[in-house]
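Some notes on the structure that comes next.
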Amino acid sequence: MKKLILASQSPRRKELLEKCGHPFQVEAADIDETIDQSKDLTEEIKRLSFRKAEHVLRQHGDAVVVGSDTIVTIDGKVLGKPADEKEAEEMLRELSGRTHQVITGLCILSRNRIFLDASVNDVVFAEMTEEEIRKYVETGEPMDKAGAYAIQGIASRYITGIHGDYYAIMGLPLCMAYEELKNLDQY
Numbered sequence: 001m002k003k004l005i006l007a008s009q010s011p012r013r014k015e016l017l018e019k020c021g022h023p024f025q026v027e028a029a030d031i032d033e034t035i036d037q038s039k040d041l042t043e044e045i046k047r048l049s050f051r052k053a054e055h056v057l058r059q060h061g062d063a064v065v066v067g068s069d070t071i072v073t074i075d076g077k078v079l080g081k082p083a084d085e086k087e088a089e090e091m092l093r094e095l096s097g098r099t100h101q102v103i104t105g106l107c108i109l110s111r112n113r114i115f116l117d118a119s120v121n122d123v124v125f126a127e128m129t130e131e132e133i134r135k136y137v138e139t140g141e142p143m144d145k146a147g148a149y150a151i152q153g154i155a156s157r158y159i160t161g162i163h164g165d166y167y168a169i170m171g172l173p174l175c176m177a178y179e180e181l182k183n184l185d186q187y
């Protein structure tokens with residue numbers, strides 16, 4: 001069986017990939033993760049997922065590499081990881097009481113084969129008070145998360161609905177990955 005590598009240090013992606021049932025190792029892909037917001041964001045996140053997988057595959061040519069990345073977008077604007085608490089509060093104000101999109105790309109790559117796709121999902125936030133925003137930011141949870149929140153964390157109490165794949169919103173389109181990895185021996 002081929003060696004499987006997750007090109008990510010994300011504990012959430014690691015936890016989700018474990019559910020696919022294949023042993024794997026983790027190796028971060030140290031690449032420029034800049035998104036060109038003037039281009040189609042779904043294509044950009046797929047490109048970024050591919051670049052992560054490709055970077056790790058160069059060092060492990062005989063492996064199958066899983067690359068994935070997630071962005072939060074509202075009104076065509078990408079909300080990355082907040083630089084500080086003030087920016088986290090601004091992002092949460094922007095999401096409050098509105099629907100936004102979470103796009104997660106998935107690339108499964110070997111020397112012989114490539115799978116590349118993306119999951120586009122809607123997330124609906126309840127209206128948040130200034131106090132709720134401040135207290136949530138004080139928990140520290142928003143600080144290393146795209147869009148300044150984690151759907152599986154404390155922020156879950158502000159989410160009134162989703163349309164799409166919960167696990168893709170968390171960071172890895174689990175069913176998509178599982179279905180493709182069932183064919184791991186073909187890579």
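Under my numbering, think of the first position of the sequence shown as 1, with each following residue one higher.
For glycine and all other residues, C-beta sits at the position ideal for the given N, C-alpha and C.
What you are looking at is a predicted structure, and each value in this text was computed from that prediction instead of being measured.
Taking residue 146 as reference, the option from 112, 106, 10, 115 with the minimal CA-CA separation is 10. When only Cα atoms are considered, residue 182 and residue 173 end up about 14 angstroms apart. Contiguous alpha helix (DSSP H) elements confined to the region 143–171 occur at 166–170, taking only those with 4 or more residues. The C-alpha of residue 155 lies about 32 angstroms from the C-alpha of residue 115. Rounded to whole angstroms, the gap between the alpha carbons of residue 133 and residue 26 is 34 angstroms. Unbroken beta strand (DSSP E) runs of no fewer than 3 residues, entirely contained in the region 65–124, are found at 77–79, 99–109, following chain order. For residue 168 against residue 121, the beta-carbon gap comes to about 6 angstroms, under 8 angstroms, which counts as contact.
Boundaries of the alpha helix (DSSP H) harbouring residue 16: 11–18, taken from the DSSP string. Following the DSSP letters along the chain, one finds residue 174 inside the alpha helix (DSSP H) bounded by residues 174–181.
Going by beta carbons, residue 29 and residue 67 fall inside the 8 angstroms limit. Around the Cβ of residue 101, a 10 Å sphere holds 16 or more other Cβ atoms; the residue is buried.
Just so you know, the alpha carbons of residue 142 and residue 90 end up roughly 12 angstroms apart. Comparing alpha carbon positions, the residue from 184, 159, 88, 119 closest to residue 43 is 119.
Boundaries of the beta strand (DSSP E) harbouring residue 4: 4–6, taken from the DSSP string. In this model, residue 123 and residue 22 are separated by some 30 angstroms (Cα to Cα). Only residues of its own chain outside the window of five on either side were considered, and among them 3, 5 have a CB closer than 6 angstroms to the CB of residue 63, listed in chain order. Sequence-distant Cβ neighbours of residue 175 in its own chain, meaning closer than 8 angstroms and more than five residues away, are 165, 167.
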